[in-house]
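What follows is one structure encoded as structure tokens, with my remarks underneath.
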Amino acid sequence: MGIVTLHPTQRIKAWRTAYLHGLDELPNSEIAAEVQILQHLGTPAMAQMGAQLLADRARDAFEIEGGARTSDLIALWKHSDQLKALELVQEQGLTLVAAMRLLHAMSHNDAGTRS
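Residues are numbered in the working numbering as their position in the sequence shown, beginning at 1, plus a constant of 18.
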């Protein structure tokens, strides 16, 4: 059995599925932060995915409470390795929030191993 490669349309569909799955696991406040950052970055299609999810939740009177405040996540974004975070989003289908958290945790783990 050889290596299976995805066609570009399959890759886009797989990325979208992974991204939306991760987004759907986030509390509403964190989705709102993701949308705000993505809008600021000029990625309206991605921002629209989050905005649509929030609209669907509102329509269904469904909310996941808790999570980080939008302002805290925006502050984290400003102190993140933004290029690396965007690479994780693009290559792995992570949400921006998950990518920032992963990079933050990795930086603390690296700092702890240098002691």
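Just so you know, even glycine gets a beta-carbon here, dropped at the ideal spot from N, CA and C.
C-beta atoms of residue i and residue j nearer than 8 Å
{"i": "Ala116", "j": "Gly40", "result": "yes"}
{"i": "Met124", "j": "Leu94", "result": "no"}
{"i": "Gly17", "j": "Glu48", "result": "Only positions 19 to 133 of the chain appear in this structure, which leaves residue 17 out of reach."}
{"i": "Leu91", "j": "Leu106", "result": "no"}
{"i": "Gln57", "j": "Ala65", "result": "yes"}
{"i": "Ala36", "j": "Thr88", "result": "no"}
{"i": "Glu83", "j": "Arg75", "result": "no"}
{"i": "Leu114", "j": "Ile55", "result": "yes"}
Simplified DSSP assignment, three categories, for residue i
{"i": "His25", "result": "coil"}
{"i": "Asn127", "result": "helix"}
Contact with chain D by residue i, beta-carbon distance below 8 Å
{"i": "Asp90", "result": "In the structure shown, chain D cannot be found, because there is only a single protein chain."}
Within the region 31-118, note down every full alpha helix (DSSP H) run reaching 4 residues or more, in order along the chain. 46-59, 62-77, 88-96 and 100-110
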